[in-house]
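S.K.: Chains A and B supply the protein sequences, listed in that same order. Basically this note's numbering = 1-based index in the first sequence + 1240. Basically this note's numbering = 1-based index in the second sequence + 5.
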Amino acid sequence: MHKTRLQILICGGTGCISSGCLEVEDALVAALEKHGIRDEATILKVGCFGFCEQGPIVKIYPDNTFYVRVEAKDCEELVAEHLMKGKHVDRLLFKSPITGESCHHHMDMAFYKTQLRIALMHCGMVDPENIEDYIGVGGYEALAMALNDLSQQEIIDIVKASGLRGRGGAGFPTGNKWQFGLDNKSDKKYIICNADEGDPGAFMDRSIMEGDPHAVLEAMAIAGKAIGADEGVVYIRAEYPLAVNRLRVAIAQAEKYGLLGDNIMGSGFNFHVRVNLGAGAFVCGEETALINSLEGQRGEPRLRPPFPAQKGFWGQPTVNCNVETYACIPLIITRGADWFKSFGTEKSPGTKVFALAGKINNVGLIEVPMGTTLREVIYEIGGGIPKGKKFKAVQTGGPSGGCISEKNLDVGVDFDTLTAIGSMMGSGGMIVMDEDDCMVNIAKFYLEFTVEESCGKCTPCRVGNTRMYEILERITQGKGKPEDLVELRELGQTIKDASLCGLGNTAPNPVLSTLNHFMDEYEAHVLHGKCPAGACKDLVNYVITEKCIACSLCAKACPVNCIHPTGSETPNGKKKYVIDQEACIKCGACIPKCPPKIGAIVRE
Amino acid sequence: MSDVFISKEGVSFMEKNEKALYAELDAYIGSLPTKQGALISVLHKAQDIFGFLPKEVQEYVAEKLDIPTSKVYGVLTFYSFFTMTQKGKHRVNVCMGTACFVRGADKVLEKFERDLGMKANTTREDGLWSLDALRCIGACGLAPIITVDGKSYGRLTEDDVTGIIETTLAKEEAK
Chain A
1241 MHKTRLQILI CGGTGCISSG CLEVEDALVA ALEKHGIRDE ATILKVGCFG
1291 FCEQGPIVKI YPDNTFYVRV EAKDCEELVA EHLMKGKHVD RLLFKSPITG
1341 ESCHHHMDMA FYKTQLRIAL MHCGMVDPEN IEDYIGVGGY EALAMALNDL
1391 SQQEIIDIVK ASGLRGRGGA GFPTGNKWQF GLDNKSDKKY IICNADEGDP
1441 GAFMDRSIME GDPHAVLEAM AIAGKAIGAD EGVVYIRAEY PLAVNRLRVA
1491 IAQAEKYGLL GDNIMGSGFN FHVRVNLGAG AFVCGEETAL INSLEGQRGE
1541 PRLRPPFPAQ KGFWGQPTVN CNVETYACIP LIITRGADWF KSFGTEKSPG
1591 TKVFALAGKI NNVGLIEVPM GTTLREVIYE IGGGIPKGKK FKAVQTGGPS
1641 GGCISEKNLD VGVDFDTLTA IGSMMGSGGM IVMDEDDCMV NIAKFYLEFT
1691 VEESCGKCTP CRVGNTRMYE ILERITQGKG KPEDLVELRE LGQTIKDASL
1741 CGLGNTAPNP VLSTLNHFMD EYEAHVLHGK CPAGACKDLV NYVITEKCIA
1791 CSLCAKACPV NCIHPTGSET PNGKKKYVID QEACIKCGAC IPKCPPKIGA
1841 IVRE
Chain B
6 MSDVFISKEG VSFMEKNEKA LYAELDAYIG SLPTKQGALI SVLHKAQDIF
56 GFLPKEVQEY VAEKLDIPTS KVYGVLTFYS FFTMTQKGKH RVNVCMGTAC
106 FVRGADKVLE KFERDLGMKA NTTREDGLWS LDALRCIGAC GLAPIITVDG
156 KSYGRLTEDD VTGIIETTLA KEEAK
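1) In chain order, what are the residue ranges of uninterrupted beta strand (DSSP E) at least 3 long that sit wholly in the stretch 1489-1530 of chain A?
2) Could you name the residues of the same chain whose beta carbon sits closer than 7 angstroms to that of residue 1798 of chain A, not counting the 5 residues immediately before and after it, in chain order?
3) Please list the residues of the stretch 91-103 of chain B that have a C-beta atom closer than 8 angstroms to any C-beta atom in chain A, keeping them in chain order.
4) List the DSSP bridge partners of residue 135 of chain B.
5) Work out the CA separation of residue 1782 of chain A and residue 1718 of chain A for me, nearest whole Å.
6) Does residue 1778 of chain A get closer than 8 angstroms to chain B when you measure Cβ to Cβ?
7) Below 8 angstroms on the Cβ atoms is my guess for residue 1520 of chain A versus residue 86 of chain B; work out the distance and round it to an integer in Å.
8) Just checking my contact of residue 1590 of chain A with residue 1358 of chain A at CB under 8 angstroms: how many whole Å lie between their CB atoms?
9) Assign residue 1460 of chain A to one of three DSSP states: helix, strand, or coil.
10) Run through chain B and tell me which residues come within less than 7 angstroms of residue 1538 of chain A, C-beta to C-beta.
11) For residue 1461 of chain A and residue 1558 of chain A, I'd like the C-alpha separation in whole angstroms.
12) To which residues of the same chain is residue 175 of chain B closer than 7 angstroms at the C-beta, ignoring the five residues directly before and after it?
13) Identify the contact partners of residue 1443 of chain A in chain B, using a Cβ-Cβ distance below 7 angstroms as the criterion.
14) Among all the DSSP beta bridges, which residues are the ones paired with residue 1636 of chain A?
15) Distance check for residue 1260 of chain A and residue 1375 of chain A, CA to CA, integer angstroms please.
16) Taking the C-alpha atoms as reference points, what is the distance between residue 1843 of chain A and residue 142 of chain B?
17) Check whether chain B comes within 8 angstroms of residue 1570 of chain A, counting only Cβ atoms and requiring the distance to be less than that.
18) Candidates A:1669, A:1435, A:1367: which alpha carbon is nearest residue 102 of chain B's?
19) May I ask you to report which of helix, strand or coil DSSP gives residue 167 of chain B?
20) May I have the straight-line CA-CA distance separating residue 1306 of chain A from residue 1319 of chain A, to the nearest angstrom?
21) Mind checking which residues open and close the alpha helix (DSSP H) that includes residue 28 of chain B?
22) Do residue 1743 of chain A and residue 1471 of chain A count as a contact pair if the criterion is CB distance below 8 angstroms?
23) If you count every other CB in all the chains shown that lies within 10 Å of the CB of residue 1365 of chain A, and 16 or more means buried, which is it?
24) Where are the beta strand (DSSP E) runs, 3 residues long or more, that stay fully inside the stretch 1262-1293 of chain A, in chain order?
25) Expressed to the nearest angstrom, what Euclidean distance is found between the alpha-carbon atoms of residue 186 of chain B and residue 1603 of chain A?
26) Distance check for residue 1373 of chain A and residue 1241 of chain A, CA to CA, integer angstroms please.
27) Taking all protein chains shown into account, decide if residue 1324 of chain A is buried (16 or more other Cβ within 10 angstroms of its Cβ) or exposed.
28) Residues of chain A with CB under 7 angstroms from residue 87 of chain B, in chain order?
29) Helix or strand or just coil, what does DSSP make of residue 175 of chain B?
30) How close, in whole Å, do the beta carbons of residue 1466 of chain A and residue 1395 of chain A come, if the pair is a contact with beta carbons under 8 angstroms?
31) Within 10 angstroms of its Cβ, does residue 1425 of chain A collect 16 or more other Cβ (buried), or is it exposed?
32) According to DSSP, simplified to helix, strand and coil, what is residue 116 of chain B?
33) Is the Cβ-Cβ distance between residue 1775 of chain A and residue 1677 of chain A less than 8 angstroms?
34) Going by DSSP, name the residue or residues bridged to residue 1613 of chain A.
35) Compute the beta-carbon to beta-carbon distance between residue 1322 of chain A and residue 1333 of chain A, rounded to the nearest angstrom, for a pair I have assumed lies under 8 angstroms.
36) Should residue 12 of chain B be flagged as near chain A, meaning a C-beta pair shorter than 8 angstroms?
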């Protein structure tokens, strides 16, 4: 396919596009032309390499060198030195934060060493806009097996035996779901792919669709064969234009190659896939709400049962799985259930993709075997907390999950262990927080999200969460009362028990888990009127101490001009500066302006 | 219909015939295999064409799809992607996803509010700026990140805000 001597892979994920990979591509083309070797190199824009913190990433084959934070101005040197002379451009190699040594290959980096890629296997390897690349790495072989060699029940038995559980959050066994889809008889059935990744701080599914869209389409067709459906719909967020576009390109190519559409591979099996845009409603990640939205309605959940596998889209049996779940299917079919089960834990086989972000050195997309400990993820792959700050908590599962404290860092991550410590797997967002984050404020942040996203259909969620939010707001303003903490717990438990759908059932988790693990912070707010992390503005004052040398730097930085020379005199007769507490907006802009050796401004 | 249309690209539609815009929407609705369940797709298209969904457009969609206007209104207000108000000439979107939030996106947003003299999730009276807090654009490696007229600026601090506003305005003058 790519018969040139050199191959240059550029990460074309959303993260790297934001950090300028398109300019890098243009500059590389220009440099190759200038040196007269444009014909000798193929430039491929591939899916996410995962190491978003270091983007844009450029990988050069055949010697497999991994360059980080490449800018357009670096491309001339990259071509002149690496491609023309065979010398590494050392300044663009990743430097180990521990030893300071340059890493040529990605497998030398701690970030990649402990990772294992199954769902992301082809991300960063194939050109997502070229179906031949995917076929070249064994793509659509699983579909060929499913159509020619396996019966419907045999396909489902393989998926069941693999122990694959839904990667969208709840972890329901995928094989069982397919079995229900097969057992419910109807002339018309549907396959849905849930790509409505609404968790803030999560970008796993987006990266898979951007980097390896054919794996998802292939798996949907396999599911179609397994349950007897001839139509598939991908319900995807409208906020993901790149993923939408790549899926559409992939569908058109697969149809052209006879791998989707009518009479696939001459087997007589028909399967058509279309893309349906969501419109920005978190609750549509819930499968019955998603189905309502697909039907052009408000995305409010339906009462279950009947489950979608019985009566789903347009009242027909419907199987709905998440993007990452589908991405595992082709490899499970070709390599077998035992292969998949050899990774991960007994009850949660395989791997899980996480979007690692927040206060962590190596932000990125990672995939690890189930059972990997949070400590390994945060300190080995993630490279620890920036600026030498202290770890405080890691939040998993987005607005439905909880905060996990230091004492649980050695827990191996799988569906059941996370639930046991008051959080949940969710779709795989993992946000790390340090000593500067106030856990009460974080709980409020998540609850504000759920309050806005609650569809309003059932009272516990609509009213209960609003009341909880009001209590948290009082607490962060220093107006909390001790009985508020009891009230929060009771309300939270009621909302969990009485809500109709998954959104309401899990909405109180961020509050309940922080109450369990960070009670001391709640007490500091309520009993002592203090925010230990200094994040809650109403509980913080900025004060200039006697150390002030009247240099006026802070006053110049103040956006609201509330710092004036009205204090006592310095030894050389100038007036010291004072912050007008009434006018101060507590933005903290003055602190970094005060010369470090003086350090006159304090937050109290 | 309000008198000035401003598209996402900041091009005035004053000159363009309103009828042509409705005709484009008609053509799209006509191309659908079925009207059943098509409301959300039609609203996407209408917002693409008009930039926002005022009452007149809602009524038009309702008539074409043969459903009550109340249903159109009910659906569009359910989804945050749809807007009934016109956006400004320059659109600032500040990502307020969790990763950006813990890295100080709230401070960046506040700085924009102060510098532009407006509140988040509104359009300024003169129609020059819209400032919105977004859920998550999924570029957490660059947190905190914003987009201005489609261009992203990552790893921001509040000190960068004034410069970004000046650059945006300078680009306009250069045109």
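Glycine included, each C-beta is placed from N, C-alpha and C at the ideal position. Keep in mind that this is a model prediction, so the values were computed, not measured.
M.R.: So, from the listed chains and residues:
1) 1512-1517
2) Residue 1798 of chain A sits at position 558 when you count from the first residue of the first sequence. Counting only Cβ-Cβ distances below 7 angstroms, and skipping sequence neighbours, we find 1829, 1830.
3) 101, 102, 103
4) For the purposes of this step, residue 135 of chain B is taken as the residue at position 130 of the second sequence. Answer is B:96, B:128, bridged to residue 135 of chain B.
5) Locating residue 1718 of chain A in the first sequence gives position 478, where the first residue counts as 1. Locating residue 1782 of chain A in the first sequence gives position 542, where the first residue counts as 1. Approximately 16 angstroms between the Cα atoms of the pair.
6) As a working note, residue 1778 of chain A is residue 538 in the first sequence. Answer no: the Cβ-Cβ gap between residue 1778 of chain A and chain B never drops below 8 angstroms.
7) If you number the first sequence from 1, residue 1520 of chain A lands on position 280. If you number the second sequence from 1, residue 86 of chain B lands on position 81. That belief holds up - the Cβ atoms of residue 1520 of chain A and residue 86 of chain B are roughly 4 angstroms apart, short of 8 angstroms.
8) Taking the first residue of the first sequence as position 1, residue 1590 of chain A is located at position 350. Taking the first residue of the first sequence as position 1, residue 1358 of chain A is located at position 118. With 8 angstroms as the limit, residue 1590 of chain A and residue 1358 of chain A qualify as a contact, their Cβ atoms being about 6 angstroms apart.
9) Taking the first residue of the first sequence as position 1, residue 1460 of chain A is located at position 220. Correct three-state label for residue 1460 of chain A: helix.
10) Numbered from its first residue, the first sequence carries residue 1538 of chain A at position 298. Neighbours of residue 1538 of chain A on chain B, chain order: 79, 80, 83.
11) Looking up residue 1461 of chain A in the first sequence gives position 221. Looking up residue 1558 of chain A in the first sequence gives position 318. So the alpha carbons of these two residues sit roughly 14 angstroms apart.
12) As a working note, residue 175 of chain B is residue 170 in the second sequence. Taken in chain order, the list of residues that qualify is empty.
13) Residue mapping note: residue 1443 of chain A aligns to position 203 of the first sequence, counting from 1. Ordered by position in chain B, the residues that pass the 7 angstroms Cβ test against residue 1443 of chain A are 143, 145.
14) Counted from its first residue, the first sequence places residue 1636 of chain A at position 396. According to DSSP, residue 1636 of chain A bridges with A:1642, A:1670.
15) Here residue 1375 of chain A refers to the residue found at position 135 of the first sequence. Here residue 1260 of chain A refers to the residue found at position 20 of the first sequence. Approximately 29 angstroms, taken between the alpha carbons.
16) Taking the first residue of the first sequence as position 1, residue 1843 of chain A is located at position 603. Taking the first residue of the second sequence as position 1, residue 142 of chain B is located at position 137. In a straight line, the C-alpha of residue 1843 of chain A is about 33 angstroms away from that of residue 142 of chain B.
17) Here residue 1570 of chain A corresponds to residue number 330 of the first sequence, with the count starting at 1. No, residue 1570 of chain A does not count as interfacial toward chain B.
18) Residue numbering aside, residue 102 of chain B sits at position 97 when the second sequence is read from its first letter. Answer by Cα proximity: A:1669.
19) Counting from 1 along the second sequence, the entry for residue 167 of chain B is found at position 162. If DSSP states are grouped into helix, strand and coil, residue 167 of chain B belongs with the helices.
20) Translated into the one-based positions of the first sequence, residue 1306 of chain A becomes position 66. Translated into the one-based positions of the first sequence, residue 1319 of chain A becomes position 79. Roughly 14 angstroms separates the two Cα atoms.
21) For the purposes of this step, residue 28 of chain B is taken as the residue at position 23 of the second sequence. Here the alpha helix (DSSP H) through residue 28 of chain B covers 23-36.
22) Against the first sequence, residue 1471 of chain A aligns to sequence position 231. Against the first sequence, residue 1743 of chain A aligns to sequence position 503. No, they are not a contact pair.
23) Sequence index remark: in the first sequence, residue 1365 of chain A carries index 125 (1-based). It is buried - the Cβ of residue 1365 of chain A has at least 16 other Cβ atoms within 10 Å.
24) 1281-1286
25) Given that chain B is displayed from residue 6 to residue 180, the structure contains no residue 186 of chain B and the question cannot be resolved.
26) The sequence position of residue 1241 of chain A within the first sequence is 1, counting from 1. The sequence position of residue 1373 of chain A within the first sequence is 133, counting from 1. Confidence is the limiting factor: at residue 1241 of chain A the pLDDT is only 48, short of 50, which leaves the residue's position unreliable, though a coordinate-based value still follows. Between residue 1241 of chain A and residue 1373 of chain A, the C-alpha separation is close to 8 angstroms.
27) On the first sequence, position 84 is the one that residue 1324 of chain A refers to. Burial call: exposed.
28) Numbered from 1 along the second sequence, position 82 holds the residue referred to as residue 87 of chain B. Neighbours of residue 87 of chain B on chain A, chain order: 1519.
29) On the second sequence, position 170 is the one that residue 175 of chain B refers to. In the structure shown, residue 175 of chain B sits in a helix (DSSP, three-state: H, G or I).
30) Along the first sequence, read from residue 1 onward, the residue named residue 1466 of chain A stands at position 226. Along the first sequence, read from residue 1 onward, the residue named residue 1395 of chain A stands at position 155. Residue 1466 of chain A to residue 1395 of chain A, Cβ: 4 angstroms. Contact.
31) Against the first sequence, residue 1425 of chain A aligns to sequence position 185. Exposed is the call here.
32) Against the second sequence, residue 116 of chain B aligns to sequence position 111. Residue 116 of chain B: helix per DSSP, three-state reduction.
33) As a position in the first sequence, residue 1775 of chain A is number 535, starting the count at 1. As a position in the first sequence, residue 1677 of chain A is number 437, starting the count at 1. For residue 1775 of chain A and residue 1677 of chain A, yes; Cβs fall inside 8 angstroms.
34) Here residue 1613 of chain A is taken as the residue at index 373 of the first sequence, counted from 1. Looking at the DSSP assignment, residue 1613 of chain A forms a beta bridge with A:1652.
35) Locating residue 1322 of chain A in the first sequence gives position 82, where the first residue counts as 1. Locating residue 1333 of chain A in the first sequence gives position 93, where the first residue counts as 1. Residue 1322 of chain A to residue 1333 of chain A, Cβ: 11 angstroms. No contact.
36) Translated into positions along the second sequence, residue 12 of chain B becomes position 7. Residue placement at residue 12 of chain B cannot be trusted, given a pLDDT of 46 that sits under 50; what the coordinates show is reported in the next sentence. No - not a single Cβ of chain A is within 8 angstroms of the one on residue 12 of chain B.
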